[in-house]
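One structure below.
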Amino acid sequence: MKSSALPEPKPYDGSSDLGEFKRAFLLKYHHVVEDDEELITILEDRFLKGPAKSLFKTLQGRFCRPVKELFEEFERKLKWRAEETGAGKHEAKLGKRAARLNKIREYHVGNGNSCRERNRDGFDRDGGSRVIVDKVSHKSLGTLATGQLSIAEKLEKEKEIGGRREPKKTVVREADLVIGPRLKFNSPAYFDIKAKADVAWTEKYDWKGVEKVVMLAKWTVDPTENENRAEIIESIAKDVKDLIVVPIRMACKFNEVGGITEWWKKRMRTSTNVRFVDPQTPVGPKQLPMVVVIPEKFDSAEMMGGYLDSLIPRNAAVEKLMVGRKLEVAKRANRST
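Here it is as C-alpha cells:
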C-alpha cells in the first residue's frame, strides 16, 4: 500500500500506547522522508502534544540520531515517568482506604455495640465500645510501631524538601547582551559561557528582561557539541525578542563550513526570532569570506566590538559592549587619580 493512502497518525500525548503510534507514524512517513532529521522535525512539530512533546524535547542530540533509536529512548522515559506517577496513585489508594476506615469508625461510635460490664461493687452497667484510634488519616497508614514515616509521609516530606531546595534564578539585568566564551576582558554587556555548558546552565538565569542577544558560536563537525549549543540557544530564545548567532571560531575545514551552516539553519527553523550570520559572507575592503578573516583571539572589548559591528552594524548589544568597556576603563582611571 502506498504511504499516501495510509491514514494520518493521531497526535500522541503520552497517555496511550507508544508502540501503536510509532508503527502508524513510521508506516506513513519513513519511506517518504529519507532524512531522519526532517522526520524528527515532522514528528515533533505535528504529532507530539502536551507532556509527550516536552519529554521528547529532553532527548539529547535528537536531530543527529536515527529516529528508531530515539523512539527506543523515548519509550524508556515514558515507562520511567509512568512509574513515578504510580507513587502518586498509591498515595490516592491509601487515601481511599483511610476514608473507608473512618466510615467504619463512625458506624461503631454511632451504634455503640452494647456490652454488659460488671463493676467491683456488683452492679451491672451498659457500656459502649471504646474508640482507641481517632480519625484515621491516609498519611498514618503504613506507619511502623518504631515511629518510622509511612510511604505517603515520606513522599510528602521529599516533595516539601525538594520545593525548599529549588534554587532561585539569577535575574539578568542587561537588556542587550553578547554571550560567548571566556575572554581576557570584562564588560557588563558580555556574558561568559563555559565550553562544556549545557541547557541546564540557561535555567540558572531569568532571561525575561533581556531583549537582544548576540550568541558567539563555534562551527564544528561534532554533532553532539552542535546539538548541545543549539539547545542552549533554543532555551534562551524562548525568553528574548531577538537572537543573532555569529561564528567566532572555525573548528572545521573550509569545504565543511557550508554544510554546518545549513545544519544550523534547519535545526533552528522553529525558533523564528533566531538569525544567523553566514561565515561565508564577504567582509572588509577586499570582500573576503568572513571565515578567512576571523581573528584568532580577541584581546579587548573594542576589538571584539569592531569585529561584530562589521557584521551586524548598529546592534544594541554590540554597542553596549564597546561603550560599557570604555566606561569601565574611565571609572578605573578616576579611581587611580
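Heads up: the sequence shown begins at 355 in this note's numbering, then just goes up one per residue. Beta carbons: idealized from backbone N, C-alpha and C, even for Gly.
| Continuous beta strand (DSSP E) stretch holding R583: start and end | Taking the sequence shown and counting its residues from 1, the one referred to as residue 583 is at position 229. Judged by DSSP secondary structure, R583 falls outside any beta strand (DSSP E) and instead within the alpha helix (DSSP H) spanning P577 to A591.
| query | Is the distance from the Cβ of I598 to the Cβ of M644 below 9 Å? | reply | As a first step, residue 598 is located in the sequence shown; it is residue number 244 there, counting from the start. As a first step, residue 644 is located in the sequence shown; it is residue number 290 there, counting from the start. No.
| message | With H, G and I counted as helix, E and B as strand and the rest as coil, what does DSSP make of K548? | response | Taking the sequence shown and counting its residues from 1, one reaches residue 548 at position 194. The three-state reading of DSSP puts K548 in coil, since its state is none of H, G, I, E or B.
| query | Which whole-angstrom value describes the C-beta separation of V526 and W561, a residue pair presumed to lie in contact below a C-beta threshold of 8 Å? | reply | Here the question's residue 526 lines up with position 172 in the sequence shown. Here the question's residue 561 lines up with position 207 in the sequence shown. Indeed they touch by this definition, with Cβ atoms about 6 Å apart.
| Which of the three DSSP states, helix, strand or coil, is assigned to L413? | Here residue 413 corresponds to residue number 59 of the sequence shown, with the count starting at 1. Looking at L413 - three-state DSSP - the assignment turns out to be coil, as it is neither helix nor strand.
| What three-state label does DSSP hand D300 in the structure shown? | Because the chain is modelled from 355 through 691, residue 300 falls outside the range shown and cannot be assessed.
| message | Less than 8 Å between C-beta atoms, sequence neighbours within five positions excluded: which residues of the same chain meet that for N580? | response | Mapped onto the sequence shown, residue 580 falls at position 226. Contacts found: C418, T574, I614, W617, W618 and R621.
| request: Provide the residue span of the beta strand (DSSP E) that contains L531, from first to last. | output: By 1-based counting over the sequence shown, the position of residue 531 is 177. Run containing L531: D530 to G534, per the beta strand (DSSP E) assignment.
| request: For A551, collect the residues of the same chain with a Cβ closer than 6 Å to its Cβ; drop the 5 residues on either side in sequence, then sort them by chain order. | output: Counted from its first residue, the sequence shown places residue 551 at position 197. Taken in chain order, the list of residues that qualify is empty.
| task | Determine contact between the segment 600-615 and the segment 631-648, defined as no fewer than three beta-carbon pairs at a distance below 8 Å. | result | yes
| Continuous beta strand (DSSP E) stretch holding T574: start and end | Taking the first residue of the sequence shown as 1, we reach residue 574 at position 220. Run containing T574: K566 to T574, per the beta strand (DSSP E) assignment.
| I think D367 touches G404, with their Cβ atoms under 8 Å apart; what is that distance to the nearest whole Å? | In the sequence shown, counting from the first residue as 1, residue 367 sits at position 13. In the sequence shown, counting from the first residue as 1, residue 404 sits at position 50. D367 to G404, Cβ: 4 Å. Contact.
| field | Contact check, L424 vs R416, beta carbons under 9 Å | value | In the sequence shown, counting from the first residue as 1, residue 424 sits at position 70. In the sequence shown, counting from the first residue as 1, residue 416 sits at position 62. In contact: L424 and R416 (Cβ atoms closer than 9 Å).
| query | Are R362 and K376 closer than 9 Å when you measure CB to CB? | reply | In the sequence shown, residue 362 corresponds to position 8, counting from 1. In the sequence shown, residue 376 corresponds to position 22, counting from 1. Residue identity differs from the one stated: residue 362 is Glu in this sequence, not Arg. Their beta carbons are not under 9 Å apart, which means E362 does not touch K376 by this criterion.
| field | Limits of the beta strand (DSSP E) - the one that I602 falls within | value | Working through the sequence shown from its first residue, we reach residue 602 at position 248. D596 to A605 is the span of the beta strand (DSSP E), which, as asked, contains I602.
| Which of the three DSSP states, helix, strand or coil, is assigned to V637? | Position 283 of the sequence shown holds residue 637. Taken through DSSP and simplified to helix, strand or coil, V637 comes out as strand.
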